[in-house]
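Inspection log for the structure reproduced underneath, given as structure tokens.
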Amino acid sequence: MLLSVCRVSRAACSSTRPVSRSSASPLAASPRSPGRAHLQLDVPTVAADGRVVPVMIESDLPMAPDRYVKAVHVLVDNNPDIHLAEFRLTPQIGQAFVSTRIKMRMTSPVRAVVETSDGALWGAAADVRVTVNGCG
Numbered sequence: 050m051l052l053s054v055c056r057v058s059r060a061a062c063s064s065t066r067p068v069s070r071s072s073a074s075p076l077a078a079s080p081r082s083p084g085r086a087h088l089q090l091d092v093p094t095v096a097a098d099g100r101v102v103p104v105m106i107e108s109d110l111p112m113a114p115d116r117y118v119k120a121v122h123v124l125v126d127n128n129p130d131i132h133l134a135e136f137r138l139t140p141q142i143g144q145a146f147v148s149t150r151i152k153m154r155m156t157s158p159v160r161a162v163v164e165t166s167d168g169a170l171w172g173a174a175a176d177v178r179v180t181v182n183g184c185g
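If you want the numbering used here, it's the position in the sequence shown, counting the first as 1, plus 49.
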């Protein structure tokens, strides 16, 4: 599946809450309603080296055969390509958890979006200050 990506608004992911789909992009998010936090995004507040920024994403959403987290997306607003990663998951994994390292060009919000098998999107964001550029 090829995803087209546009910038997710800061208001849409300033906290963890469900977001609805837009006709322009599967990841263009707008608030649907305030909700319980189902997504944890763990990134450093300050990254000493933008070439290696650790990112951990975990969701407590169910991983049952009928409803599960099918994808986890990592987006960085101020990178040349904002959609840095997409991880595809299956219910057999048992828990929606992703840990990786990313490159960041400059200080930017880092966003995580999880997509469930029933089409719901959940997002979280955190600002990361980069002291050494990782993309050049």
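All C-beta atoms, glycine included, are put in the ideal place defined by N, C-alpha and C.
The structure presented is a predicted model; accordingly, all values stated were derived computationally and were not measured.
Check                                                                                                                                                                                : Outcome
Below 6 angstroms CB to CB, which residues in the same chain sit around T139 once its five sequence neighbours on both sides are set aside?                                          : none
Output yes or no for whether 8 angstroms exceeds the beta carbon distance between V104 and R178.                                                                                     : no
Leaving aside the five residues before and after I142 along the sequence, list all residues of the same chain whose C-beta is less than 8 angstroms from its C-beta, in chain order. : M112
Pop quiz: L110 and A173 are said to be a contact at Cβ under 8 angstroms. What is the actual Cβ separation, rounded to whole angstroms?                                              : Actually they are not in contact, since the Cβ atoms of L110 and A173 sit about 12 angstroms apart, beyond 8 angstroms.
What is the DSSP secondary structure of P114, counted as helix, strand or coil?                                                                                                      : coil
So, under 8 angstroms CB-CB, A96 and M153 are touching, yes? Tell me the CB distance rounded to an integer number of Å.                                                              : 6 angstroms
Can you tell me which residues form a DSSP beta bridge with H122?                                                                                                                    : E135 and V162
Answer with buried or exposed for G99, where buried requires no fewer than 16 other C-beta atoms within 10 angstroms of its C-beta.                                                  : buried
In this structure, how does DSSP classify P140 when only helix, strand and coil are distinguished?                                                                                   : helix
Going by DSSP, name the residue or residues bridged to M105.                                                                                                                         : D91 and S148
Count the other CB atoms, across all protein chains shown, that sit within 10 Å of the CB of A145; report buried if there are 16 or more and exposed otherwise.                      : buried
Give me, in chain order, the residues of the same chain whose beta-carbon lies closer than 6 angstroms to that of S148; leave out the 5 immediate sequence neighbours on both sides. : M105
Pick out whichever of A169, V121, N182 and T94 has its Cα sitting closest to the Cα of E135.                                                                                         : V121
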